Amino acid sequence: MTIYIGDNAPNFTTDSTIGELNLYDWAKGSWIFFFSHPADFTPVCTTEMGRTAQLSSEFAARNTKPLGLSTDSAAEHLKWIADVNDTQNTDLQFPIVADLDLQISKTYGMLHPHQSETQAVRSVFIIDPNMKIRLTMTYPMSVGRNFDEILRVIDALQIGDEKHVATPADWTIGDKVIIPPSISNVEAETLFPKGWDELRPYLRMTDVNED
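Position in the sequence shown (from 1) plus 526 gives the number in the working numbering.
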């Protein structure tokens, strides 16, 4: 199955480190950082889980709930969390779901046959409060994720929704943003009272930061 940006995130109910978890009920109006890892008690995955836990306040500030997944059991996840906390100097509180029958991994396209038939690659899905898929990323098993980029894209999606803008290459909070070509200059005068720099008719840069 292929999941596209703009699709509804497929719902599921499964066992997790906090008990039975239904994705839609658990989300409750939050953004979701849903990410898979190949296996518990493995090195790269341990650092990623630790980094996610270390960034708990950053995710919370963005109304975003992390949700991990591997094809291990919830009981294995719970045992592994002790190692994550010890080696990464953190306190992992977010849930990790079990996918022993591989159904969630198959539904979300997390199993890549040339990598493994039974272990998920490092997939990322950013899901908005309307349960729409807003971003997907896939990393190979041997490469840990860049969490600065994960936070950056959440920021970009959220400011885009709030301010009706697009974000340029390498954008971070505080940088100028792009007025989409779909917004006319007449509309832009109302939406962007600070004005804009028109580098080309299709490339208008503006500042939406609060003074």
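In this text, a Cβ means the ideal position worked out from N, Cα and C, and glycines have one as well. A quick note: this is a predicted structure, and the numbers were derived from the prediction, not measured.
Bounding residues of the alpha helix (DSSP H) (the contiguous stretch that carries residue i)
i, result
"Lys605", "Ala600 to Gln614"
"Thr590", "Here Thr590 belongs to no alpha helix (DSSP H); instead the beta strand (DSSP E) covers Thr590 to Ser596."
"Ile699", "Note, Ile699: premise wrong, no alpha helix (DSSP H); not H, not E."
"Pro569", "Pro569 to Gln580"
"Asn735", "First-last for Asn735: undefined, no H or E at that position."
"Ile630", "Gln629 to Thr633"
"Thr693", "First-last for Thr693: undefined, no H or E at that position."
"Ala535", "Segment: none, Ala535 is in no alpha helix (DSSP H) and carries neither H nor E."
"Glu715", "Asn711 to Leu717"
Element boundaries [beta strand (DSSP E), containing residue i]
i, result
"Tyr550", "Run containing Tyr550: none in the beta strand (DSSP E); it sits in the alpha helix (DSSP H), Leu549 to Ala553."
"Ile558", "Trp557 to Ser562"
"Glu724", "Trp722 to Arg726"
"Ala682", "Counting along the chain, Ala682 falls outside any beta strand (DSSP E), though it belongs to the alpha helix (DSSP H) covering Phe673 to Lys689."
"Met731", "Leu729 to Thr732"
"Ala624", "Ile622 to Ala624"
CB contact flag (residue i, residue j, <9 Å)
i, j, result
"Lys591", "Phe561", "no"
"Ser596", "Asp625", "yes"
"Ile659", "Tyr550", "no"
"Ala579", "Asn611", "yes"
"Thr540", "Ile630", "yes"
"Val669", "Leu547", "no"
"Leu637", "Phe651", "no"
"Leu558", "Ile653", "The sequence given here places Ile at residue 558; Leu does not occur at that position. In contact: Ile558 and Ile653 (Cβ atoms closer than 9 Å)."
"Asn589", "Pro655", "yes"
"Arg730", "Glu736", "no"
"Glu574", "Arg678", "no"
"Phe673", "Leu581", "yes"
"Glu602", "Asp627", "no"
CB-CB length for residue i against residue j, believed under 8 Å
i, j, result
"Gln641", "Pro666", "7 Å"
"Ile705", "Phe718", "6 Å"
"Thr664", "Gln614", "Incorrect: roughly 23 Å between the Cβ atoms, too far for contact."
"Ser542", "Ala600", "6 Å"
"Lys720", "Asp733", "5 Å"
"Thr528", "Gly686", "About 24 Å separates the two Cβ atoms, so there is no contact after all."
Residue i burial status per 10 Å Cβ neighbour count (16 or more: buried)
i, result
"Thr716", "exposed"
"Val712", "exposed"
"Ile699", "exposed"
"Pro564", "buried"
"Ala535", "buried"
"Ala738", "In the structure as shown, the chain begins at 527 and stops at 737. Residue 738 is therefore absent and cannot be evaluated."
"Ala695", "exposed"
query = Considering only residues of the segment 643-674, which uninterrupted beta strand (DSSP E) runs meet the minimum length of 3 residues and lie entirely inside it, listed in chain order?
reply = Runs of the beta strand (DSSP E) inside the segment 643-674: 648-653 and 659-665.
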